[in-house]
Structure formats: C-alpha cells, structure tokens
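Participant:
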Amino acid sequence: MKHTALLAAMLVAVAAPTYLVAQEPRGTDKPADVKANTPAKVERPSETPLDRKPKLQTRGDVFIKGGRILTATHGTIEKGNILVRKGKIVAVGPNVPQPAGIKVIDATGKVVSPGLVDTHIHRGLDSTNEGTDAIVAESRVLDVLNPDAKNIWQAVASGETTGMLLHGSANPVGAESLVIK
C-alpha cells in the first residue's frame, strides 16, 4: 500500500505540466528588465567561412589548344581550340587563333568537356539526417558541410563543377539544400 501511494505520487509529478518561470532576485523592488526577458532575434545564429563572401576573383586569359572538345550542343570537335577571356569562354572551334602573350594549355590527346552538374549529392556532409523530428525545415545543409572533404575534391577531379547538396532521406520535410561550385 505504501509503495502504491508513492508510485501514484511519482506518476502525478511526472505527468504534471512543467512551467519555467523567471523570478526576480530576492530583495529587489525593481521591475523586471524587459530587454533581458525578450529573446534576441538573430537572422543567422552562427557564421561559418561559407557565409562570408569571397573577394571577386577575375580569372586570367587562357588558350586551350588541340584537344578533343565535347560540346553540349554542337557535338565533338577534333583537335579544337578554346579561348577564355576573364574566366569566360569566348570562342570554341577548330580554327580559333591563338592570341599572342596568353597562357597556353596543350590539350593534345586529351578530352575537354563542359563541367558536369550533379543534382543530388551528399558529398562533404558529416551528418545528413535528423533523428528527432520528421520535419526539420529550420535546418541547413550549410551547417554540416565540410568543404575540405576528400570526396568533394575527387568529384572535381572527375569533372564535376556543380552539385546540389541535399539532406538525408530520413526526414519527409528536410533541411535547406545548398548548391556548391
């Protein structure tokens, strides 16, 4: 009987709703500080190196010569040339002339193709699933990205230039995705 009453009291204590109430320090007659009791509104709770915008990088001029060029729209060009000015491709073809004083990459015997885009990757993510909730729309893939992950650089070496990082499949409504280049 004694144990039953104790068990019932414990169940009531556990089942009762719990409220956290801020109390003023004892011995003060001052009203509560409104600012201290107001939650801070923070747009981004933490800053990562990826949140910082890099300085604008202008790439130099490059001439790629003699490669087998796979174009996205005009088939294959054997022994073709590519002229790049300020980081942008300005000419592609078998008869593009080589300007004087420009950096030259000899692509003879090599294949040159546009960068590959992968629209669903998990590379560089240390954690992709949230195990506590089905809906985690407040999460961001950016927060768990490891930009130094080996598999990101392996993908770049394989020709992938753009990828869309997605959350794991454990959550029907998952985290904010991220496109990386």
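Counting from 1 along the sequence shown, just add 714 to a position and that's the residue number in our numbering. Even glycine gets a Cβ: it sits at the ideal position worked out from N, Cα and C.
#1: One question on the structure: do Asn843 and Asn809 come within less than 8 Å of each other, judged by their Cβ atoms?
#2: Kindly indicate which three-state DSSP category Gly888 falls into: helix, strand or coil?
#3: Could you give the DSSP three-state label for Lys864: helix, strand or coil?
#4: Name the one or two DSSP bridge partners that Leu830 has.
#5: Quick check on DSSP: helix, strand or coil for Asp775?
#6: Any chance the region 830-841 sits against the region 795-808, with 3 or more Cβ pairs inside 8 Å?
#7: I'd like to know whether the C-beta atoms of Met878 and His834 end up nearer to each other than 8 Å.
#8: Please name the residue in Gly873, Ser827, Ser883, Glu890 whose C-alpha comes closest to that of Asp857.
#9: What residue range is occupied by the uninterrupted beta strand (DSSP E) comprising Arg837?
#10: Quick check on the DSSP output: what are the complete beta strand (DSSP E) runs of length 3 or more inside the region 798-831, in order along the chain?
#11: Could you check what DSSP says for Leu784 in three-state terms: helix, strand or coil?
#12: Could you please give me the residues that DSSP links to Leu859 through a beta bridge?
#13: Can you tell me whether Gln737 is buried or exposed, with buried defined as 16 or more other CB within 10 angstroms of its CB?
#14: I'd like to know whether the C-beta atoms of Gly774 and Ala821 end up nearer to each other than 8 Å.
#15: Taking the straight line between their C-alpha atoms, what separation do you get for Lys895 and Val870?
Facilitator: Here's the rundown:
#1: Position 129 of the sequence shown, counted from the first residue, corresponds to residue 843. Position 95 of the sequence shown, counted from the first residue, corresponds to residue 809. Contact flag unset, no.
#2: Start at 1 with the first residue of the sequence shown, and residue 888 comes out as number 174. Gly888: coil per DSSP, three-state reduction.
#3: Residue numbering aside, residue 864 sits at position 150 when the sequence shown is read from its first letter. Lys864: helix per DSSP, three-state reduction.
#4: Within the sequence shown, the letter at position 116 stands for residue 830. Answer is Glu874.
#5: In the sequence shown, the residue the question calls residue 775 occupies position 61. Note: Asp775 maps to coil in three-state DSSP.
#6: no
#7: In the sequence shown, counting from the first residue as 1, residue 878 sits at position 164. In the sequence shown, counting from the first residue as 1, residue 834 sits at position 120. Contact: yes.
#8: On the sequence shown, residue 857 is found 143 positions in, with the first residue counted as 1. Selected option, being the one with the closest Cα: Glu890.
#9: What you label residue 837 is simply residue 123 of the sequence shown in a count that begins at 1. Taken as a continuous stretch (DSSP letters only), Arg837 belongs to no beta strand (DSSP E), as it is neither H nor E.
#10: 802-807, 817-820
#11: Indexing the sequence shown from 1 puts residue 784 at position 70. DSSP places Leu784 in strand when its eight states are reduced to three.
#12: Here residue 859 corresponds to residue number 145 of the sequence shown, with the count starting at 1. DSSP, once it has assigned bridges, lists Leu839 as partnering Leu859.
#13: Position 23 of the sequence shown holds residue 737. Below a pLDDT of 50, predicted positions are generally treated as unreliable, and Gln737, at 46, falls in that range; the measurement from the model is reported next regardless. Counting Cβ neighbours within 10 Å, Gln737 comes out exposed, since fewer than 16 surround it.
#14: Taking the first residue of the sequence shown as 1, we reach residue 774 at position 60. Taking the first residue of the sequence shown as 1, we reach residue 821 at position 107. Result no, Cβ atoms of Gly774 and Ala821 do not sit closer than 8 Å.
#15: Position 181 of the sequence shown holds residue 895. Position 156 of the sequence shown holds residue 870. Using only the alpha carbons, I get a separation of about 9 Å.
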